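Reviewing the structure listed below.
Protein chains: 2
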Amino acid sequence: MFELDVRSRQPIYEQLIEKMKEMIVRELWQPHDQLPSVRAMAKQLMVNPNTIQKAYRELERDGWIYSVPGKGSFVAARPKEPNAEAIAAVHEQFIRLVKEARFLGVTNEQLWQWIIEGEEEEENNDSTRRRDENV
Amino acid sequence: MFELDVRSRQPIYEQLIEKMKEMIVRELWQPHDQLPSVRAMAKQLMVNPNTIQKAYRELERDGWIYSVPGKGSFVAARPKEPNAEAIAAVHEQFIRLVKEARFLGVTNEQLWQWIIEGEEEEENNDSTRRRDENV
DNA sequence: CAACCGTACTATAACTAATAGTACACTTAA
DNA sequence: TTAAGTGTACTATTAGTTATAGTACGGTTG
Numbered sequence: 001m002f003e004l005d006v007r008s009r010q011p012i013y014e015q016l017i018e019k020m021k022e023m024i025v026r027e028l029w030q031p032h033d034q035l036p037s038v039r040a041m042a043k044q045l046m047v048n049p050n051t052i053q054k055a056y057r058e059l060e061r062d063g064w065i066y067s068v069p070g071k072g073s074f075v076a077a078r079p080k081e082p083n084a085e086a087i088a089a090v091h092e093q094f095i096r097l098v099k100e101a102r103f104l105g106v107t108n109e110q111l112w113q114w115i116i117e118g119e120e121e122e123e124n125n126d127s128t129r130r131r132d133e134n135v
Numbered sequence: 001m002f003e004l005d006v007r008s009r010q011p012i013y014e015q016l017i018e019k020m021k022e023m024i025v026r027e028l029w030q031p032h033d034q035l036p037s038v039r040a041m042a043k044q045l046m047v048n049p050n051t052i053q054k055a056y057r058e059l060e061r062d063g064w065i066y067s068v069p070g071k072g073s074f075v076a077a078r079p080k081e082p083n084a085e086a087i088a089a090v091h092e093q094f095i096r097l098v099k100e101a102r103f104l105g106v107t108n109e110q111l112w113q114w115i116i117e118g119e120e121e122e123e124n125n126d127s128t129r130r131r132d133e134n135v
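Same order as they appear, the protein sequences are chains A and B. According to the numbering used here, the first sequence holds residues 1 to 135 in order. According to the numbering used here, the second sequence holds residues 1 to 135 in order.
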């Protein structure tokens with residue numbers, strides 16, 4: 001699935017949040033897919049269940065997953081209405097990054113190329129987009 | 001100049017690094033401009049000199065500023081050769097951010113708009129580019 | 001009922017951030 | 001030469017965060 005670097009300066013729970021976001025963004029995890037339980041994930045990644053729980057809690061707070069006590073945790077449905085708050089947060093980071101890139105000599109054409117590259121990779125994952133939305 | 005949020009979850013020295021990078025990227029601070037001394041900056045921002053020193057140390061390590069013992073700290077010259085390492089780091093963050101934005105429903109056209117917006121703002125700063133706008 | 005599930009606690013150790021203070025070598029100007 | 005200001009490197013302490021360990025409770029499922 002993915003691996004964590006327990007020696008990293010970045011906290012484990014933050015690494016986990018990023019990895020799980022990536023699985024959802026790349027649609028390797030589909031809406032309403034059941035996630036590994038807190039205890040199972042802890043066992044698999046060999047970290048403490050409380051650390052997993054912390055990551056799950058933040059992901060739920062930000063709308064990436066939802067949890068049902070007694071049943072499990074699941075990938076959230078993709079919001080139909082654009083999430084203005086989330087987009088604003090990404091926008092702010094994006095602007096800051098573009099300025100830094102431009103300062104380093106990266107041209108707009110190169111930035112555009114970076115955007116296109118990501119899109120091509122995403123299209124390769126289209127085969128998985130056919131959804132079986134059971135559960 | 002700028003302000004810090006001492007109550008933020010983000011460490012003070014990290015906030016300071018970001019703010020100073022922004023001053024350099026937006027060219028409000030020019031190469032070889034002298035920066036406020038560690039002690040002066042600490043006094044102005046009302047934080048501990050050691051915290052300032054930590055930020056300066058990292059900025060120097062990453063090539064944003066340079067320090068001369070006994071003289072002071074200064075904005076580094078813009079590297080003539082593209083800094084491949086720094087660009088790669090920005091590229092990685094950029095890709096991750098684009099994917100998240102696209103997941104939130106942001107189109108390529110909007111991403112391009114975000115890039116252009118930043119460029120227009122930068123051009124507006126061109127008029128101030130001749131003045132010594134320090135501290 | 002038994003075995004799962006999420007969730008909420010307490011407690012502890014390790015690490016980091018921030019502060020306070022001291023010291024030293026260097027540069028500059030009086 | 002002296003005094004003030006500079007970066008830099010330490011020690012020590014406090015506060016907060018991270019990760020661990022363990023316990024407990026209610027809901028769900030077979």
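Glycine included, C-beta positions come from ideal geometry on N, C-alpha and C. This structure is a prediction, so every number in the text was calculated from the model and none was measured.
Would you grab the beta carbon distance between residue i and residue j for me? Rounded to a whole angstrom, and I think it's under 8 angstroms.
i, j, result
"B/V38", "B/Y56", "6 angstroms"
"A/E136", "A/I12", "Outside the displayed range of chain A (1 to 135) lies residue 136 of chain A, so it cannot be described from this structure."
"A/V25", "B/E100", "6 angstroms"
"A/N108", "B/I115", "6 angstroms"
"B/L35", "B/F74", "6 angstroms"
"A/V106", "B/L104", "So it is not a contact: roughly 23 angstroms between Cβ atoms."
How far does the beta strand (DSSP E) with residue i in it extend, from its first residue to its last?
i, result
"B/F74", "G72 to V75"
"A/V106", "No beta strand (DSSP E) holds A/V106; DSSP gives it neither H nor E."
In chain order, what residues of the same chain lie with their CB nearer than 7 angstroms to the CB of residue i, ignoring the 5 residues before and after it?
i, result
"A/S8", "Q15"
"B/M23", "W29"
"A/R144", "Nothing can be reported for residue 144 of chain A: it is not among the residues displayed for chain A, which extend from 1 to 135."
"A/R102", "none"
"B/L45", "L4"
"A/P69", "none"
"A/E60", "Y66 and S67"
Counting along the chain, where does the alpha helix (DSSP H) carrying residue i start and finish?
i, result
"B/L162", "Lying before the first or after the last residue shown, residue 162 of chain B is absent from chain B, which here runs from 1 to 135."
By Cβ distance, which residues of its chain are closer than 8 angstroms to residue i, with the 5 residues on each side in sequence left out?
i, result
"B/G63", "A76, P79, N83 and A86"
"A/A42", "N48, P49, T51 and I52"
"A/G72", "Q34, L35 and S37"
"B/A54", "Sequence inspection shows Lys at residue 54 of chain B; the Ala mentioned does not correspond to that position. Counting only Cβ-Cβ distances below 8 angstroms, and skipping sequence neighbours, we find Y13."
"A/A88", "none"
"B/V21", "Val is not the amino acid found at residue 21 of chain B; the sequence shown has Lys there. Excluding residues within five positions, the ones whose Cβ falls inside 8 angstroms are L59 and W64."
To which residues of the same chain is residue i closer than 6 angstroms at the C-beta, ignoring the five residues directly before and after it?
i, result
"B/F2", "K19"
"B/L97", "none"
"A/E117", "none"
"A/Q10", "none"
"A/D33", "V75"
"B/A40", "none"
### Query
Of the residues that make up the region 76-100 of chain A, which ones have a beta carbon closer than 7 angstroms to any beta carbon in chain B?
Listed in sequence order: P82, N83, A86, I87, V90, H91, Q93, F94, I95, L97, V98, K99 and E100.
#### Entry: Contact set between the region 5-28 of chain A and chain B, restricted to residues whose Cβ is under 9 angstroms from the partner
For the region 5-28 of chain A, which is checked against every Cβ of chain B, the residues closer than 9 angstroms are E18, K21, E22, I24, V25, R26 and E27.
### Message
Ignoring anything shorter than 4 residues, give me the alpha helix (DSSP H) runs that lie fully in the region 29-89 of chain B, in order along the chain.
### Response
For the alpha helix (DSSP H) assignment, the uninterrupted runs of no fewer than 4 residues enclosed by the region 29-89 of chain B are, from N- to C-terminal side, 38-45 and 49-61.
### Contact list for the region 43-65 of chain B against chain A, Cβ threshold 9 angstroms
Against chain A - using a Cβ distance shorter than 9 angstroms - the region 43-65 of chain B contributes no residues.
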